[in-house]
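Undergrad:
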Amino acid sequence: TMSGAIWCIFIHLGVINVGLTYAAVLPSSLNREDSENVCVTPGCVLAANHIKKSMDESIDPCNDFYRFACGGWINSRTIPEDKSSVSAFDDVQEALNTQLKELMQKPLTGTEPEFVKMLKTLHDSCIDVETIEKLKEDPLKEHLQKVGGWPVVEGDKWDEASFDWIDTLIKFRNLGYGTSMLISFYVSTDLKDNTKHVVEMDQASLELPDRSYYLDGLNDTATSEYFKLTVNVAKKLGADENTAEAELLKVFQFETLLAEYSLPAEERRNFSALYNKYTIKQLKEMSPEIDWLRYINGLLNVEVTENEPVIVGVPSFVRNVSQLLSKTEKRTIANYMVARMVEPSISSLSEDWRSMTKAYKKALTGQSEEQPRWKQCISYLSSNMIEPLGSYYVRNYFKEESKNAADDMVSYVIKEFLKILENVDWMEAETKAKAIDKANGITPYIGYPNELLNDQLVSDLYASLTLKEKAYFENIRMMSKFATDKEFNELRKPYVKGDWKTHAMAAIVNAFYHPLENTIDF
16 TMSGAIWCIF IHLGVINVGL TYAAVLPSSL NREDSENVCV TPGCVLAANH IKKSMDESID
76 PCNDFYRFAC GGWINSRTIP EDKSSVSAFD DVQEALNTQL KELMQKPLTG TEPEFVKMLK
136 TLHDSCIDVE TIEKLKEDPL KEHLQKVGGW PVVEGDKWDE ASFDWIDTLI KFRNLGYGTS
196 MLISFYVSTD LKDNTKHVVE MDQASLELPD RSYYLDGLND TATSEYFKLT VNVAKKLGAD
256 ENTAEAELLK VFQFETLLAE YSLPAEERRN FSALYNKYTI KQLKEMSPEI DWLRYINGLL
316 NVEVTENEPV IVGVPSFVRN VSQLLSKTEK RTIANYMVAR MVEPSISSLS EDWRSMTKAY
376 KKALTGQSEE QPRWKQCISY LSSNMIEPLG SYYVRNYFKE ESKNAADDMV SYVIKEFLKI
436 LENVDWMEAE TKAKAIDKAN GITPYIGYPN ELLNDQLVSD LYASLTLKEK AYFENIRMMS
496 KFATDKEFNE LRKPYVKGDW KTHAMAAIVN AFYHPLENTI DF
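In short: position in the sequence shown from 1, add 15, done, that's my numbering.
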């Protein structure tokens with residue numbers, strides 16, 4: 016089938032990633048002047064040595080090719096306590112992290128563009144553990160007051176009569192918290208018309224990584240630790256232990272129902288089945304329990320009418336949740352929503368709060384220790400300030416020779432992949448022709464777009480973002496709100512294929528395939 020052919024392309028593109036990683040770490044002397052000659056430059060010798068060390072030549076490749084190719088690497092590695100896994104990309108990531116750390120430690124001269132100052136403000140607020148320890152949970156408590164409090168903590172003082180879950184969700188949105196704990200809501204490219212953006216809804220984003228954890232119940236170790244963490248967090252904020260256990264058990268049962276209504280991962284592989292177009296008027300007819308216009312307009316930055324199209328991933332989930340919300344007591348809904356606001360905030364608080372998550376993380380991922388603070392800060396910048404960090408990195412470290420070497424390597428791999436496609440015998444002729452046509456159309460984006468060197472362009476991307484010194488918790492929330500604003504503001508804008516911002520991830524390890532654009536980015 017055509018979809019099978021495209022997945023085959025994706026798999027082979029994964030092979031490109033490994034080659035590109037070597038291109039990133041090898042000296043610029045790595046050149047291939049003649050594809051038939053043996054390369055003996057220092058770069059090639061280094062690569063050969065690295066590959067040889069990764070092999071286990073005592074294994075017969077005909078019996079176990081994986082151990083033959085990777086056994087040496089596996090035998091020489093252990094998983095550190097501050098990680099849940101290790102991979103061949105880790106060495107490259109460590110080198111990149113060190114470079115980014117050095118960049119962030121450079122003192123400002125006063126002549127830097129605005130986006131560099133913003134990077135420094137965010138980084139310095141993250142690394143400033145003294146202020147974070149001093150503030151403790153005060154920033155979180157301030158936000159809890161703004162959303163009406165956490166019922167399990169407030170006890171009889173909580174005002175049930177004034178609670179409305181849509182109003183509370185809008186408050187979350189404006190404070191920079193997630194809003195997908197009941198129904199996932201976002202703006203993305205329309206998969207059936209990739210020139211447009213569209214509102215999408217889907218099943219809830221749950222705290223545990225898979226619905227099976229909830230269905231296994233509290234007998235599962237990770238699920239039990241998750242429940243204990245929620246209870247302990249409530250107690251630390253002032254809740255009575257017995258009250259916390261009783262009320263948060265109802266919350267867990269509520270969240271388990273959300274998991275039951277959700278489709279398992281294996282039933283979400285058919286993207287066409289997850290594309291169900293409704294108007295808001297039709298949503299109201301399907302699930303009249305929810306005021307959809309108030310819900311959607313409260314979250315968006317753009318006013319919509321009942322004729323607005325909405326793509327619904329799992330209509331049955333929306334129907335079930337609508338009914339669940341109408342028959343569940345307000346206190347349980349509020350306890351659940353605020354718990355989902357509090358839990359992701361813990362990583363931005365003082366060490367005594369962060370240490371509370373150790374048992375849960377250990378049970379869930381095997382990670383028993385935090386990464387060093389500087390790595391946490393660099394990781395956050397890399398994920399959330401992509402264009403500014405990429406621009407700053409390129410100006411200080413990027414070598415044009417590396418870009419040329421990677422360009423050549425991607426070209427070689429695509430050519431080789433086309434040969435493989437031409438010789439496969441399991442595809443129908445029509446499918447093979449389409450797969451070859453798609454592979455021929457792959458556009459490589461290697462290194463960085465030239466726009467990344469334009470100070471004004473990069474700074475303008477973040478012109479509406481305000482960050483404060485010595486205010487890490489608040490900065491995290493403002494970053495989150497900024498990202499949501501940016502996403503929702505795309506609704507009335509066309510999707511521009513080849514837009515430079517889509518290909519501006521210069522300070523990352525690994526390469527990836529962009530299916531909407533049929534591109535490779537590295």
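Ideal placement from N, C-alpha and C gives every residue a C-beta, glycine not left out. Note that the structure is a prediction, hence the values are computed from the model and not measured.
Do residue 242 and residue 343 have their C-beta atoms closer together than 8 angstroms?
TA: Result no, Cβ atoms of residue 242 and residue 343 do not sit closer than 8 angstroms.
Undergrad: Please classify residue 456: is it buried, with 16 or more other beta-carbons within 10 angstroms of its beta-carbon, or exposed?
TA: Its Cβ having fewer than 16 others within 10 Å, residue 456 is exposed.
Undergrad: In the DSSP assignment, find the unbroken alpha helix (DSSP H) run with residue 116 in it and report its ends.
TA: Residues 105-120.
Undergrad: Given a cut-off of 8 angstroms, decide if residue 519 and residue 405 are closer than it, judged by their beta-carbon atoms.
TA: Closer than 8 angstroms, so yes.
Undergrad: Name, in chain order, the residues that DSSP records as bridge partners for residue 536.
TA: Paired residues: 460, 527.
Undergrad: Kindly indicate the opening and closing residues of the beta strand (DSSP E) around residue 200.
TA: Here the beta strand (DSSP E) through residue 200 covers 199-204.
Undergrad: Between which two residues does the alpha helix (DSSP H) holding residue 350 run?
TA: Unbroken alpha helix (DSSP H) run through residue 350: 345-357.
Undergrad: Consult DSSP for residue 512 and reduce its assignment to one of helix, strand or coil.
TA: Looking at residue 512 - three-state DSSP - the assignment turns out to be coil, as it is neither helix nor strand.
Undergrad: Relative to the C-alpha of residue 310, which candidate in 216, 527, 159, 355 has its C-alpha closest?
TA: With distances taken between Cα atoms, residue 310 lies closest to 216.
Undergrad: Assuming contact is defined by CB atoms lying nearer than 8 angstroms, are residue 133 and residue 403 in contact in what I supplied?
TA: Going by C-beta atoms, residue 133 is nearer than 8 angstroms to residue 403.
Undergrad: State buried or exposed for residue 381, treating a residue as buried only when at least 16 other CB atoms are found within 10 Å of its CB.
TA: Exposed: under 16 other Cβ atoms inside 10 Å.
Undergrad: Can you tell me which residues form a DSSP beta bridge with residue 326?
TA: Residue 326 pairs with 215, 292.
Undergrad: Are there three or more Cβ pairs, one per stretch, closer than 8 angstroms when the segment 345-357 is compared with the segment 139-146?
TA: Too few Cβ pairs lie closer than 8 angstroms, so no.
Undergrad: For residue 468, which of 476, 409, 199, 277 has the nearest alpha-carbon?
TA: Among 476, 409, 199, 277, the Cα nearest to that of residue 468 is on 409.
Undergrad: According to DSSP, simplified to helix, strand and coil, what is residue 382?
TA: Correct three-state label for residue 382: coil.
Undergrad: From this set, 63, 363, 329, which residue's C-alpha is nearest residue 290's C-alpha?
TA: Of the listed residues, the one whose Cα sits closest to residue 290 is 329.
Undergrad: Return the CA-CA distance between residue 529 and residue 536, expressed in angstroms with no decimal places.
TA: If I take the Cα positions, the gap works out to 7 angstroms.
Undergrad: Using CA coordinates, which residue listed in 352, 180, 107 is at the minimum distance from residue 65?
TA: For residue 65, the nearest C-alpha among the options comes from 107.
Undergrad: Counting only the same chain and skipping the five closest in sequence on each side, list residues whose C-beta sits under 8 angstroms from that of residue 131.
TA: Closer than 8 angstroms at Cβ, skipping near neighbours: 123, 403, 407.
Undergrad: Going along the chain, which unbroken runs of the alpha helix (DSSP H) with 4 or more residues stay wholly within the segment 406-454?
TA: Listed in chain order, the complete alpha helix (DSSP H) runs (minimum 4 residues) inside the segment 406-454 are 415-438.
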